[in-house]
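As structure tokens, the structure follows; a few thoughts come after it.
There are 2 protein chains.
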Amino acid sequence: MRSTHERAGRVRSKRLPREVRERQILDAAVEVFSQRGYHAASMDEISEVADISKPMVYAYLGSKEDLFAACIRREATKLMEAIADGVAEAGNSPDEQLWRGLRAFFGFVGEFRDSWRVLHRQASAQGGPFAQELGDMRKRAISLVAALLINTAQDEGVGAAATGQTDALAAALVGASESLADWWLDHPEESAGAVAARLMNLVWMGFGNLVDGHTWQPPKGS
Amino acid sequence: MRSTHERAGRVRSKRLPREVRERQILDAAVEVFSQRGYHAASMDEISEVADISKPMVYAYLGSKEDLFAACIRREATKLMEAIADGVAEAGNSPDEQLWRGLRAFFGFVGEFRDSWRVLHRQASAQGGPFAQELGDMRKRAISLVAALLINTAQDEGVGAAATGQTDALAAALVGASESLADWWLDHPEESAGAVAARLMNLVWMGFGNLVDGHTWQPPKGS
DNA sequence: CCAAGTACCTACTGGCGAGTAAGACTACTG
DNA sequence: CAGTAGTCTTACTCGCCAGTAGGTACTTGG
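Chains as they are written, first to last, in full-length UniProt numbering: chain A, 1 to 222; chain B, 1 to 222.
Take a look at the structure:
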């Protein structure tokens, strides 16, 4: 006879420290939220995927809302760090910064599809207090891009044409990236770099120039 | 004594033909879905907003899923027609076609905010059979844009630079529009035309050119 | 070896919401 | 006026799911 708590299937690993369980739970939650959406995801399924019982989920991460917010926070932080690292690797040239940022973003999406889905598709659809959580992160992303664009404009000593529009342009750029990332999920035959390059071309050169055969080329070091 | 079915509050209008009721129900559904999201929206609330009892909703529009799909279909059709009309008003010049299409799109979003929300935020988040319904419409939009871009490319006799990328570029462009539309909902001080012009500039000229002060100008007739 | 704390469980409750049963009212048609 | 077709209602059922009560095992420090 086996111990009371073991199940018919695989043996549940036992007595792990809180820290580890919390990570497991968050991983499971990201996976389930990303596949089902917030409302359709059930705490029962999350606990099952996390290979732990439901009360533990509540004990460690709190209510369903709390759990979702925690997912958003963790994944969004990961994403923002990836992008910031990418930009930091670039020199001062604005187009290279933009390029590295885009590459980092698409790299992240390719590597952590669930993270991306939960961030983009799920969070924005909910009206609750996470929309706020996620909205904040999104605003930080837009601000980062806006700052980058403003930098560019000042570097080149530009005037009225671009400044004052940067927020809107940053929003458009972020949206284009998001949308292209979704498109990419359905067309995985391309590499992250190739997708990033397409967007870079569109955004930097403009469609009018692309049509004339003038394209943007990445600098030597990647 | 009043008739059995009247309520304490305002008198419920009575015995309207099916056609009218269906429109009321769809209107209510779009409103509620747009505010709450698919799962959080309840059929009870929808029937209440539509000022009719729940079984009528089921009798006329079927299940919750059916109802949602019907909303998507109706609103998406409205949107696609608006854009197609806009493009059709333009001449043969590709930039003007793009410009008119963008203007029509942002005009629609400004006029029918709920429609836009239900289309963009809600539908894409659900994994059900509506994602399909909506996905189809979105694909049609992307195809329309892609066709327009291909036209442009051929008009100008271009080769490898742009063709073969058109699908991805169209996806990016559609995404940029969507995202900018969301941004606009939070910055309503701008006119639809101004927002459309910003995006047109970014997409047509490219950020590199904007920075140098080279902007795109709308043709005389709007 | 005992106590105390922490990890962990099974088994429930309570409410909400999709969908329906069963019929009542109204209007038209002959 | 009788019959029929279409509109419309109240008042349920029933399943699902967030959240909890109340306890069991392991483990660590004395």
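Built from N, CA and C at the ideal position, the CB exists for glycine as well.
Remember, predicted model here, so these are calculated numbers, not experimental data.
Residue i at chain A interface by Cβ criterion, 8 Å
i, result
"B:Tyr148", "Sequence inspection shows Leu at residue 148 of chain B; the Tyr mentioned does not correspond to that position. For B:Leu148, the answer is no, since every Cβ of chain A falls outside 8 Å of its Cβ."
"B:Leu199", "yes"
"B:Leu144", "no"
"B:Leu16", "no"
From the options, residue whose alpha carbon lies closest to that of residue i
i, options, result
"B:Ala171", "A:Leu169, A:Ala170 and A:Asp182", "A:Asp182"
"A:Ala28", "A:Leu149, A:Lys14 and A:Lys64", "A:Lys64"
"A:Cys71", "A:Met56, A:Gln122 and A:Pro94", "A:Gln122"
"A:Asp136", "A:His120, A:Lys14, A:Leu148 and A:Tyr58", "A:His120"
"A:Ala59", "A:Leu149, A:Glu45, A:Arg18 and A:His187", "A:Arg18"
"B:Gln132", "B:Ala69, B:Glu48, B:Asp212 and B:Val57", "B:Ala69"
"B:Lys139", "B:Gly101, B:Ser42, B:Asp85 and B:Asp167", "B:Asp167"
"A:Arg198", "A:Arg117, A:Gly175, A:Trp99 and A:Pro94", "A:Trp99"
"A:Glu111", "A:Asp85, A:Lys78 and A:Ala90", "A:Lys78"
"B:Ala141", "B:Ala84, B:Gly206 and B:Met205", "B:Ala84"
"B:Arg117", "B:Leu169, B:Val30 and B:Glu189", "B:Val30"
"B:Asp51", "B:Gly62, B:Val20 and B:Gln35", "B:Val20"
"B:Val109", "B:Asn209, B:Phe207 and B:Ala192", "B:Ala192"
"B:Met205", "B:Ala147, B:Val57 and B:Asp95", "B:Asp95"
"A:Leu180", "A:Leu102, A:His214, A:Gly208 and A:Phe207", "A:Leu102"
"B:Leu173", "B:Lys14, B:Asp212, B:Pro188 and B:Val145", "B:Val145"
Rounded C-alpha distance that separates residue i from residue j
i, j, result
"residue 223 of chain B", "A:Gln24", "Within the shown structure, residues of chain B are numbered from 1 to 222, placing residue 223 of chain B beyond reach of any answer."
"A:Gln97", "A:Ala82", "13 Å"
"B:Val195", "A:Val203", "17 Å"
"B:Arg113", "A:Leu16", "49 Å"
"B:Ala40", "A:Gly37", "11 Å"
"B:Arg74", "A:Asn201", "36 Å"
"A:Trp216", "A:Ala88", "21 Å"
"A:Leu26", "A:Gly107", "22 Å"
"B:Leu134", "B:Ala76", "8 Å"
"A:Leu149", "A:Ala176", "15 Å"
"A:Gly80", "A:Ser115", "The question names Gly, yet the displayed sequence has Met at residue 80 of chain A. In a straight line, the C-alpha of A:Met80 is about 12 Å away from that of A:Ser115."
"B:Leu67", "B:Glu22", "10 Å"
"A:Pro219", "A:Ala90", "10 Å"
"A:Val32", "A:Trp184", "21 Å"
"B:Leu169", "B:Gly86", "21 Å"
"A:Ser47", "A:Pro55", "9 Å"
"A:Met43", "B:Ser42", "21 Å"
"A:Ser53", "B:Glu45", "34 Å"
"B:Gln35", "A:His214", "45 Å"
"B:Val57", "B:Val49", "11 Å"
"B:Asp212", "A:Phe207", "16 Å"
"B:Glu190", "A:Glu189", "40 Å"
Proximal residues of chain A, C-beta to C-beta of residue i below 8 Å
i, result
"B:Leu180", "Ala168, Ala171, Ala172 and Gly175"
Contact set between residue i and chain B, taken where Cβ atoms lie within less than 7 Å
i, result
"A:Met205", "Gly206 and Gly208"
is_contact[residue i, chain B] using C-beta, thresh 8 Å
i, result
"A:Trp99", "no"
"A:Leu79", "no"
"A:Trp183", "yes"
Buried/exposed call for residue i, threshold 16 Cβ in 10 Å
i, result
"A:Asn92", "exposed"
"A:Thr152", "buried"
"A:Ser143", "exposed"
"A:Asp186", "exposed"
"A:Gly62", "exposed"
"B:Ala160", "Because the pLDDT of B:Ala160 is 43, which lies under 50, any placement of that residue in the model is unreliable, and the number read from its coordinates should be weighed accordingly. Under this definition B:Ala160 is an exposed residue."
"A:Ala147", "exposed"
"A:Glu178", "buried"
"B:Leu210", "buried"
Amino acids of chain A, ordered along the chain, whose beta-carbon sits closer than 7 Å to that of residue i
i, result
"B:Ala40", "His39"
Chain-ordered chain B contacts of residue i [CB-CB under 8 Å]
i, result
"A:Leu202", "Leu169, Ala172, Leu173, Val203 and Gly206"
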